[in-house]
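Working notes for the structure below.
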Amino acid sequence: MAKSNPGQYIREVRQEVSKVTWPTRKETMVTTIMVFIMVMLAAIFFFFVDQILSWVVRLIIGLGG
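Numbered per numbering that gives the first Met the number 0, the sequence shown spans residues 0 to 64.
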């Protein structure tokens, strides 16, 4: 790999960044809301799985039921 000077590196980085298609504000908001919804669904799912597994373990070791 050939070494390049810092100026060349910065020019190449700027050139590559100019090729990026940046999301619009609306796209960013929609995807952010989707992420929050998916996180909440995952949290609810794992909460119930944890409760069920906890109940099964307590049942097996005889601490209640």
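From the three backbone atoms N, C-alpha and C, an ideal C-beta is built for every residue, glycine too.
Inter-residue distance for V16 and V29 is about 23 Å (C-alpha atoms, whole angstroms). Annotation: V12 to T23 spans about 22 Å, alpha carbon to alpha carbon.
If you ignore the 5 residues before and after V19, its C-beta comes within less than 8 Å of no other C-beta in its own chain.
Secondary structure note for L62: it is in no alpha helix (DSSP H), with a DSSP letter that is neither H nor E.
L58 and L52 have their C-alpha atoms roughly 10 Å apart.
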